[in-house]
Amino acid sequence: DLYADEEDAEGDDIESLAIPEPDPFETANRGLLHFNNGVDRFFLDPASKAYQFVMPDFAERALLRAFANFNSPATLVNDVFQLEFQRAGVTLSRLVVNSTVGLAGFIDVAEHMGLEGHVSDFGMTLAKAGAGSGPYIVIPILGPSTARDAVGFGVDLLFRPLFYLIGPFDFLFVGTGNGFLVRASYMEELEALREGSVDYYATLRNAYFQRRAEQLREIGVDVVARNGDPD
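Take the UniProt record's numbering: the final residue in the sequence shown is number 231, and no numbers are missing along the way.
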């Protein structure tokens, strides 16, 4: 996710990476990033600090695990679409084990059994089918993406059972809560990345593409720049 990408970037010299990516909307993207930073500063940062003050670490981690378990059906569907049947087997096993023995995912029993979780989404499915990344974009509130991954994000919503069980409006509320939990868990890393970057926009953009390239390599998709457009 976005905040995991930013955390991964902290320990690397991201600003020195020469990752060619299409960014024809850079001016607009910088404006949207400025807007997102304002939302962070005046709303999300204070709320995250208050949340971490009252929420024990073990409870925070348990909620994150539960949300990840709720999203597992989308991961499973994309594993199958990508013909990654071994990964699909792991995802299905994790879903069954954590939904039962793991008390709806609040406890990651599957990980202790050697069943490690992984990222798999429709943006990756499109990439494996040969779709290019398209232009880099910054989405209000959500952050860095590409045209391909933004489409994939919308499609993934259809693969999540909660979308149908509680309705789209309640799902949006729950999804916002999930995003807030993730945001809170990486609060210190985000602050360090902002303060340590000469150009936060470029750092964040490069971190996004680097992390995405790592995820795509896991399913056999090599990210090769072609005419300035990474796959």
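Where a beta carbon is used, it is the ideal one built from N, C-alpha and C, also for glycine. Being a predicted model, the structure only gives us computed values, none of them experimental.
| Asked | Found |
| --- | --- |
| Per the contact definition of three or more C-beta pairs closer than 8 Å, is the segment 81-93 in contact with the segment 123-130? | yes |
| If you drop the 5 nearest sequence neighbours on each side, which residues of the same chain put their C-beta closer than 7 Å to that of D108? | R65, N98, G102 |
| Report the start-end ranges of each beta strand (DSSP E) in the segment 84-172 that is 3 residues or longer and not cut off at the edges. | 136-139, 143-146 |
| Helix, strand or coil for N71, going by three-state DSSP, please let me know. | coil |
| May I have the straight-line CA-CA distance separating L158 from P56, to the nearest angstrom? | 32 Å |
| Report buried or exposed for I219, applying the criterion of at least 16 other Cβ atoms within 10 angstroms of its Cβ. | buried |
| Between the segment 45-54 and the segment 184-195, can you find at least three pairs of beta-carbon atoms closer than 8 Å? | yes |
| Just to confirm, are V138 and A28 a CB contact at a threshold of 9 Å? | yes |
| So, with DSSP's three-state summary, where would you put P24? | coil |
| Can you list, in chain order, the residues of its chain whose CB lies under 8 Å from that of M124, leaving out five sequence neighbours each side? | N78, Q82, G152, Q215, L216, I219, V221 |
| Could you give the distance in angstroms between the alpha-carbon of F106 and the alpha-carbon of N69? | 8 Å |
| Taking C-alpha atoms, which residue in D121, R212, G196, T146 lies nearest to N71? | D121 |
| If I measure Cβ to Cβ from R194 and keep anything under 7 Å in the same chain, skipping five residues before and after, which residues do I get? | Y200 |
| Can you list, in chain order, the residues of its chain with a C-beta nearer than 7 Å to that of L32? Leave out the 5 residues immediately preceding and following it. | V138, P140 |
| In terms of alpha-carbon separation, which member of G132, R94, L95, P161 lies closest to R212? | G132 |
| Skipping 5 residues on each side, what residues in its chain have a beta carbon closer than 7 Å to that of P24? | P135 |
| Assuming R94 and L63 are in contact, meaning their beta carbons sit under 8 Å apart, how far apart are those beta carbons, in whole angstroms? | So it is not a contact: roughly 17 Å between Cβ atoms. |
| Let me know the alpha helix (DSSP H) ranges lying completely inside the segment 28-62, each 4 residues or longer, listed in chain order. | 45-54 |
| Could you check whether V198 and F209 sit closer than 9 Å to each other, using their CB atoms as the reference points? | no |
| Answer with buried or exposed for V90, where buried requires no fewer than 16 other C-beta atoms within 10 angstroms of its C-beta. | buried |
| How should P144 be labelled, buried or exposed, when 16 other C-beta atoms within 10 angstroms of its C-beta is the threshold for buried? | buried |
| Would you kindly work out how many angstroms separate the C-alpha atoms of E26 and N37, rounded to a whole number? | 16 Å |
| Quick one: give me the first and last residue of the alpha helix (DSSP H) that Q215 is part of. | 200-217 |
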